[in-house]
Structures are given as structure tokens and as C-alpha cells.
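Each remark here refers to the structure printed beneath this line.
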Ligand code: ZN
């Protein structure tokens, strides 16, 4: 039996990451795959990188991870994201930075494609419309792709002979992915942007070929307090409370 817990966009939110790891430990998942953005925005980058090093069988690099290791220029980021990235570089341990530098924004596990952002542009593209998803499926080598980056839990599917459709997915939704072409986004562990502040993740059942969208409550006030204590922009703390 092979079930995989899929996570993305942890964003240095240790409180959220620990809560999800506990939920995963209490599930029947045998592996954890991470689609990137371990750091950026949040206040505990070292803890989050260490948790990923200890628990993730697979880990991609996200655009924020690439920024802190100097592989992406900071002027492509918003002001808040850029300030947080500069702060992150200053506080992080060298061995954890070296781990981030070893990661790539795309990969493949068995027949499943893994991309931080999209199959066309694994670093930057936000796949939030069916039209864009259609173009991404055209360039995707695998039938099923896992994507992160948008911080919105969602699925897109293209059944044989049909146009791509898709929608945001709420906690508890289960989907049969045994046919059709798919893009699946687990949402964000550390900074959800779909109006539900709970940490978001995905359970992928590779035997049944099904997925379940999961949410886990965590100490949002603790994570917001850590951001304020680090003197990062207050908006980064506030948005956690609204899930935006
Ligand atoms: Zn992200």
C-alpha cells in the first residue's frame, strides 16, 4: 500500500508544519513529498528546513528558496517577500542554506510529475485558471502533475476529448484520478490564501489512484507572534489569521 502526503509552501511557519507532520504521522501515509517554498514570509526558516530534511522523501525548491540562495534576483519579488528573503538569508544556518541550494524546482516520482509552480514554468507560473491549466497539460509529460506556488488547494482535469475544467477544493473532498489528465495543488501549509486559515495538504493514494484534500488546525497566533517578534512586516502576520 502506498499513500503519499503532499505538501507545499511551508514558508517558515513551524507551527503549521509541525501540526501537519503530526497529522501525517497519525495517517497511513508512508511518504511525504514537498513541492517547495520551505522559507520566505515566516519567522522560523531553520526549523522548517530541518523538519523537511528529516521527514520529506522528496523536496523541490520554490521561488523563495531559490531567492535566498541567490539563484533568483530579489527585485522580482513583492516588497514584503523581498524583505523577508533578505532577513532569511541573514538568520539562516549555512548547512540549511546549502540544503536549499541542492534542491531543484521540478522532479518526477514514478509516473507523477512534480513542479513547484507549473509544468511550463516550474518556478514562477501561477496556475489559477482552466485556460492556463489547459496549456500546462499540453506541455506536461506525465498524466498527473502536482503543483504548488498559488497557495490555493485546487484541481484541474482534462478528460479524453474534453476541455480542461477545475476548481478550488475544500477540506474532505475526495477525487478519483484513475483516468484523465490532472494538475493537483495541495494548497499551502504555512500561508493559505483560499480563505481557510488552516494548514492545507493532500493525501495521494497511488494504489487506488485517488486524492483527498486535507486541512489541519494549528497555532496561528503562535506563528503570527513569531513573525512580529522577528520584526518582519506586520501584514505577513495578519494574513495568516484570514487565510489570505
Ligand atoms: Zn509559496
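In our numbering, the protein residues as written are 45 to 288.
C-beta atoms are modelled at their ideal positions from N, C-alpha and C, and glycine is treated no differently.
Here the structure is a predicted model, which means the values were calculated and not measured.
C-beta atoms of residue i and residue j nearer than 8 Å
{"i": "residue 198", "j": "residue 212", "result": "yes"}
{"i": "residue 270", "j": "residue 284", "result": "no"}
{"i": "residue 111", "j": "residue 129", "result": "yes"}
{"i": "residue 247", "j": "residue 71", "result": "yes"}
{"i": "residue 210", "j": "residue 201", "result": "yes"}
{"i": "residue 144", "j": "residue 93", "result": "yes"}
{"i": "residue 233", "j": "residue 69", "result": "no"}
{"i": "residue 203", "j": "residue 173", "result": "no"}
{"i": "residue 187", "j": "residue 225", "result": "yes"}
{"i": "residue 275", "j": "residue 281", "result": "no"}
In DSSP terms, what residue i is bridged to
{"i": "residue 217", "result": "Answer is none; residue 217 lacks a bridge partner."}
{"i": "residue 211", "result": "199"}
Cut-off 7 Å between Cβ atoms - residues of its own chain near residue i, not counting five sequence neighbours on either side
{"i": "residue 151", "result": "102, 104, 158"}
{"i": "residue 65", "result": "95, 99"}
{"i": "residue 166", "result": "149, 150, 159, 160"}
Straight-line gap, residue i to residue j (C-alpha atoms, nearest Å)
{"i": "residue 84", "j": "residue 108", "result": "6 Å"}
{"i": "residue 194", "j": "residue 73", "result": "24 Å"}
{"i": "residue 154", "j": "residue 185", "result": "12 Å"}
{"i": "residue 287", "j": "residue 56", "result": "16 Å"}
{"i": "residue 76", "j": "residue 279", "result": "30 Å"}
{"i": "residue 253", "j": "residue 208", "result": "19 Å"}
{"i": "residue 50", "j": "residue 205", "result": "29 Å"}
{"i": "residue 131", "j": "residue 88", "result": "11 Å"}
{"i": "residue 277", "j": "residue 80", "result": "22 Å"}
{"i": "residue 238", "j": "residue 183", "result": "27 Å"}
{"i": "residue 162", "j": "residue 192", "result": "8 Å"}
{"i": "residue 123", "j": "residue 245", "result": "27 Å"}
{"i": "residue 147", "j": "residue 220", "result": "31 Å"}
{"i": "residue 46", "j": "residue 231", "result": "21 Å"}
{"i": "residue 168", "j": "residue 118", "result": "13 Å"}
{"i": "residue 236", "j": "residue 196", "result": "7 Å"}
{"i": "residue 241", "j": "residue 215", "result": "12 Å"}
Residues of its chain near residue i, where Cβ-Cβ distance is below 6 Å and the 5 sequence neighbours each way are ignored
{"i": "residue 217", "result": "257"}
{"i": "residue 78", "result": "51, 96, 100, 103"}
{"i": "residue 140", "result": "90, 93"}
{"i": "residue 106", "result": "80, 81, 160"}
{"i": "residue 54", "result": "61, 82, 92, 233, 234"}
Close-in-space but distant-in-sequence residues of the same chain around residue i (CB under 8 Å, 5 per side omitted)
{"i": "residue 63", "result": "243, 260, 261, 262, 263"}
**OP:** Starting from the N-terminal side, write out each stretch of the alpha helix (DSSP H) that is 4 residues or longer and does not extend beyond the segment 107-137.
**Re:** 107-112, 123-135
Subject >> Lining residues of the ligand ADP - beta-carbon closer than 5 Å to any non-hydrogen atom, in sequence order >> reply: This structure simply doesn't include the ligand ADP; it includes the ligand ZN instead.
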